[in-house]
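Novice:
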Amino acid sequence: MKRLLCFLLTCLSSSLYAQMKAEDVKTFTLKNGMKFLVIEDNSIPNANMYLFYKVGSRNEHPGITGLSHFFEHMMFNGAKKFGPKMFDRTMEFNGGANNAYTTQNVTVYTNWFPVTAMETIFDLEADRISSLSIDPKMVESERGVVLSERSTGLENSPWNLLGDAVNATAFQEHPYHWTVIGYETDIKNWTKEDLEEYFRTYYAPNNAVVVISGNVKLDEVKRMAQKYLEPIPAQKQPNVVHLVEPPQIGERRILVQKEVATPYILIGYHTPDTKSKDFYALDILNSVLTSGNTSRLYSALVDKKQLATSVFSDFSESFDPNLFQIYGIAAKGVKESDLENAIYMEIEKIKKEGITSQELQKVKNQKLMEFYNKIETINGKSNNIGTYELFFGDYKKMFNAPAEYEKVSTEDVKKVVNEYFKKSNRTVGILKANVEE
Numbered sequence: 280m281k282r283l284l285c286f287l288l289t290c291l292s293s294s295l296y297a298q299m300k301a302e303d304v305k306t307f308t309l310k311n312g313m314k315f316l317v318i319e320d321n322s323i324p325n326a327n328m329y330l331f332y333k334v335g336s337r338n339e340h341p342g343i344t345g346l347s348h349f350f351e352h353m354m355f356n357g358a359k360k361f362g363p364k365m366f367d368r369t370m371e372f373n374g375g376a377n378n379a380y381t382t383q384n385v386t387v388y389t390n391w392f393p394v395t396a397m398e399t400i401f402d403l404e405a406d407r408i409s410s411l412s413i414d415p416k417m418v419e420s421e422r423g424v425v426l427s428e429r430s431t432g433l434e435n436s437p438w439n440l441l442g443d444a445v446n447a448t449a450f451q452e453h454p455y456h457w458t459v460i461g462y463e464t465d466i467k468n469w470t471k472e473d474l475e476e477y478f479r480t481y482y483a484p485n486n487a488v489v490v491i492s493g494n495v496k497l498d499e500v501k502r503m504a505q506k507y508l509e510p511i512p513a514q515k516q517p518n519v520v521h522l523v524e525p526p527q528i529g530e531r532r533i534l535v536q537k538e539v540a541t542p543y544i545l546i547g548y549h550t551p552d553t554k555s556k557d558f559y560a561l562d563i564l565n566s567v568l569t570s571g572n573t574s575r576l577y578s579a580l581v582d583k584k585q586l587a588t589s590v591f592s593d594f595s596e597s598f599d600p601n602l603f604q605i606y607g608i609a610a611k612g613v614k615e616s617d618l619e620n621a622i623y624m625e626i627e628k629i630k631k632e633g634i635t636s637q638e639l640q641k642v643k644n645q646k647l648m649e650f651y652n653k654i655e656t657i658n659g660k661s662n663n664i665g666t667y668e669l670f671f672g673d674y675k676k677m678f679n680a681p682a683e684y685e686k687v688s689t690e691d692v693k694k695v696v697n698e699y700f701k702k703s704n705r706t707v708g709i710l711k712a713n714v715e716e
């Protein structure tokens, strides 16, 4: 079975590498600094455009928290040529669709469309980048929408509430301290001047990377980019985020009260940024712990000991050092302390004994399958190429990812657990109904 799997993976990787190589990504930069990455793929008659803006909640400060997320709303509410709601209507009329998301690090706008509509998409994007309307009535309307979104998110999601509390406790100095959606008082008090300055600074063409994949031709993309986007003037480079979170020198704990059936637990360990040499070992550890029913934590805590009804972990790309997070929901009648200690027991086993070569190979196979599945579609191509360009510093590094995963050894995984998963380096959040217990 193992030989068959390896054979299939080899065939899969060879097939997909034949379809897409680093040389297939064509690049150019406009005079205003806007960078383009283009992948010609004629397998379908469609195309996409992913616009990555290098702005997220890490670029904010107290007083204007939440502005990055707010502009995700405002970007669909009208500009000089295409008025309120016309971005979506024009997109839909041309057979396209769109979406957007904001994180601590970036804001990304995604467009999918028939290739015949590409010039319209360029026109739409150029309009809102160059002439976004910051109409006071629309601002107040969206301010209310965001306040409602914030309130509903905290009320309906125990994980949102607990995650916000853990981040605020783990980060004392760095902007990861506050939530992406922002503080309520800040949302209520942004001024028109705040919005105009933030938009001018961070939605500048020289602060964006555009990835286009699909049935397109490089020359045509370049012609449209020069026609619609190059006239937009560059702006002064945004200030670099210099704040570095000081090393944590003792465990931090936060207790949150909310009506839930059983306790929730979130443990966050400080880990380095994405460009760190330990990224791939930590990513493999993430899968070893909670990917699938045979993973370390799921097998031990959900199946065997039945201490938890759910357990999962998260380790994501990040511009700055961030948290490796482990989540668990206690089973009925189980104390949160018992679940917490059981998690530490499994971590200690890896610290002392490491992981098996079988576990490592299983995860490497998973990672290889995931990687090639992601870049099989034009959306996966654009999203992953943009992610590597921004977070790893060069889209070409995406094509080295399979080799980077393959280089990780059992000793590498053991090393990162011992280096980062220390009591003094963790923040623990508990959410339960009765905090007096």
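Residue numbers for the sequence shown follow my numbering, so the first one is 280 and each next one is one higher.
For every residue, glycine included, the Cβ atom is placed at its ideal position computed from N, Cα and C.
Just so it is clear, the structure is predicted and the values come from calculations on it, not from any experiment.
1. If you draw a straight line from the C-alpha of residue 647 to the C-alpha of residue 558, how long is it?
2. On the CB-based measure, 16 or more other CB atoms within 10 Å of its CB, does residue 528 come out buried or exposed?
3. What's the C-alpha gap between residue 361 and residue 406?
4. On the three-state DSSP scale, how would you describe residue 319?
5. Should residue 454 go down as buried or exposed, given a rule of 16 or more other Cβ atoms within 10 Å for buried?
6. For residue 606 versus residue 699, is the C-beta spacing smaller than 7 angstroms?
7. So, using beta-carbon positions, are residue 556 and residue 318 closer together than 7 angstroms?
8. Taking just the CA atoms, how far does residue 397 sit from residue 323?
9. Can you grab the Cα-Cα spacing for the pair residue 667 / residue 676, in whole Å?
10. On a Cα-Cα basis, can you pick out the residue from 393, 709, 704 and 539 that is closest to residue 495?
11. Leaving out five residues on either side along the sequence, give the residues of the same chain with a beta carbon under 7 angstroms from the beta carbon of residue 512.
12. In chain order, what residues of the same chain lie with their CB nearer than 7 angstroms to the CB of residue 522, ignoring the 5 residues before and after it?
13. Is the Cβ-Cβ distance between residue 544 and residue 618 less than 7 angstroms?
14. Do you know how far the Cα of residue 690 is from the Cα of residue 430?
15. If we ignore side chains and look at the alpha-carbon of each, how far apart do residue 353 and residue 515 end up?
16. Please state whether DSSP places residue 284 in a helix, a strand or coil.
17. Ignoring anything shorter than 4 residues or poking outside the region 331 to 375, list the alpha helix (DSSP H) runs there in chain order.
18. Give me whichever residues DSSP pairs with residue 669 in a beta bridge.
19. Rank 693, 701, 680 and 702 by C-alpha distance to the C-alpha of residue 301 and give the top, closest one.
20. With distances taken between CB atoms, is the gap from residue 696 to residue 630 smaller than 7 angstroms?
21. Please name the residue, chosen from 387, 561, 391 and 309, that lies closest to residue 377 on a Cα-to-Cα basis.
22. Buried or exposed: which applies to residue 328, given that a residue is buried once 16 or more other Cβ atoms fall within 10 Å of its Cβ?
Specialist: So, from the listed chains and residues:
1. Here residue 647 refers to the residue found at position 368 of the sequence shown. Here residue 558 refers to the residue found at position 279 of the sequence shown. Residue 647 and residue 558: Cα-Cα distance of roughly 16 angstroms.
2. For the purposes of this step, residue 528 is taken as the residue at position 249 of the sequence shown. Residue 528 should be labelled exposed.
3. Stepping through the sequence shown from its first residue, residue 361 is reached at position 82. Stepping through the sequence shown from its first residue, residue 406 is reached at position 127. If I take the Cα positions, the gap works out to 7 angstroms.
4. As a position in the sequence shown, residue 319 is number 40, starting the count at 1. Three-state DSSP puts residue 319 in a strand.
5. Numbered from 1 along the sequence shown, position 175 holds the residue referred to as residue 454. By the neighbour-count rule (16 or more Cβ atoms within 10 Å), residue 454 is buried.
6. For this step, residue 606 is matched to residue 327 along the sequence shown. For this step, residue 699 is matched to residue 420 along the sequence shown. In this structure, residue 699 does not lie closer than 7 angstroms to residue 606 by Cβ.
7. By 1-based counting over the sequence shown, the position of residue 556 is 277. By 1-based counting over the sequence shown, the position of residue 318 is 39. Not closer than 7 angstroms, so no.
8. Here residue 323 corresponds to residue number 44 of the sequence shown, with the count starting at 1. Here residue 397 corresponds to residue number 118 of the sequence shown, with the count starting at 1. Rounded to whole angstroms, residue 323 to residue 397 spans 14 angstroms at the Cα level.
9. Along the sequence shown, read from residue 1 onward, the residue named residue 667 stands at position 388. Along the sequence shown, read from residue 1 onward, the residue named residue 676 stands at position 397. Roughly 7 angstroms separates the two Cα atoms.
10. Here the question's residue 495 lines up with position 216 in the sequence shown. For residue 495, the nearest C-alpha among the options comes from 393.
11. For this step, residue 512 is matched to residue 233 along the sequence shown. Cβ within range, chain order: 311.
12. Along the sequence shown, read from residue 1 onward, the residue named residue 522 stands at position 243. Answer for residue 522: 452, 453 and 454, listed in chain order.
13. For the purposes of this step, residue 544 is identified with residue 265 of the sequence shown, where counting begins at 1. For the purposes of this step, residue 618 is identified with residue 339 of the sequence shown, where counting begins at 1. Cβ atoms of residue 544 and residue 618: closer than 7 angstroms.
14. In the sequence shown, residue 430 corresponds to position 151, counting from 1. In the sequence shown, residue 690 corresponds to position 411, counting from 1. Rounded to whole angstroms, residue 430 to residue 690 spans 45 angstroms at the Cα level.
15. Numbered from 1 along the sequence shown, position 74 holds the residue referred to as residue 353. Numbered from 1 along the sequence shown, position 236 holds the residue referred to as residue 515. Cα to Cα, the separation comes out at about 22 angstroms.
16. For the purposes of this step, residue 284 is taken as residue 5 along the sequence shown, with counting starting at 1. At residue 284, the pLDDT of 45 sits below 50, so the modelled position is not reliable and the matter cannot be decided from this model.
17. 346 to 353 and 365 to 372
18. In the sequence shown, the residue the question calls residue 669 occupies position 390. Paired residue(s): none; residue 669 is not in a bridge.
19. Within the sequence shown, the letter at position 22 stands for residue 301. Cα-wise, what sits closest to residue 301 is 680.
20. Within the sequence shown, residue 696 is the residue found at index 417, counting from 1. Within the sequence shown, residue 630 is the residue found at index 351, counting from 1. Yes, the pair counts as a contact, with Cβ atoms nearer than the cut-off.
21. What you label residue 377 is simply residue 98 of the sequence shown in a count that begins at 1. The shortest Cα separation from residue 377 among 387, 561, 391 and 309 belongs to 391.
22. Translated into positions along the sequence shown, residue 328 becomes position 49. Residue 328 is buried by the Cβ-count criterion.
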